[in-house]
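Engineer:
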Amino acid sequence: KRYSMSDAEGAYRTSMQRAFGTKPLMCYFHVVQACRDYVYKHGKGSQEAKDKLWSEVHHDIEILHNAQNDDDFKSRFSTIIKHWIQSGVNGQTEW
Numbered sequence: 056k057r058y059s060m061s062d063a064e065g066a067y068r069t070s071m072q073r074a075f076g077t078k079p080l081m082c083y084f085h086v087v088q089a090c091r092d093y094v095y096k097h098g099k100g101s102q103e104a105k106d107k108l109w110s111e112v113h114h115d116i117e118i119l120h121n122a123q124n125d126d127d128f129k130s131r132f133s134t135i136i137k138h139w140i141q142s143g144v145n146g147q148t149e150w
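Quick note on numbering: the sequence shown equals residues 56 to 150 in the working numbering.
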C-alpha cells in the first residue's frame with residue numbers, strides 16, 4: 056500500500072507511516088470542512104464576499120482532488136497558488 060488515510064492528527068499519521076511505510080493522505084471530507092471553516096472564520100468582508108471566496112477555494116480543492124498522481128497534484132497546486140496570488144485570494148483572509 057502506498058497511502059494511508061486519516062484526519063490531520065499527527066500521531067495517527069506518524070504511526071501509520073512508521074508501521075506500514077505509507078504516505079499520509081488527508082480525508083477529503085476533513086480537508087473541505089477545515090478549509091470552509093477557515094474561510095468563514097478568517098475571511099474578510101461581508102457574508103457575500105466570504106461566499107464568493109469559498110466558492111473559488113472549493114472549486115480549486117476539487118481540481119486538486121481530481122489529480123491522478125503526485126506530479127499531477129504538484130502541478131495543479133503550483134498553478135492554483137499562482138492564480139491565488141495574482142487574483143488576491145491569499146489576501147482575502149486574516150492570518
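Even for Gly, the Cβ is constructed at its ideal location relative to N, Cα and C.
Only a predicted model underlies this, so the values are computations on that prediction, with no experimental measurement involved.
1. How about I135 and I118: do their beta carbons lie closer than 8 Å?
2. Please return the same chain residues whose Cβ sits closer than 7 Å to the Cβ of H120, not counting the five positions on each side in sequence.
3. Starting from the C-beta of D62, find all residues in its chain whose C-beta is less than 8 Å away, skip the five residues before and the five after it, and write them out in chain order.
4. Whole-angstrom Cβ separation of A89 and G98, contact assumed at under 8 Å?
5. Between the C-alpha atoms of A74 and E64, what's the straight-line distance to the nearest angstrom?
Structural biologist: Inspection of the coordinates gives the following:
1. yes
2. Excluding the 5 residues flanking it on each side, H120 has same chain C-beta neighbours closer than 7 Å at Y83, in chain order.
3. M81, C82, H85
4. Actually they are not in contact, since the Cβ atoms of A89 and G98 sit about 14 Å apart, beyond 8 Å.
5. 16 Å
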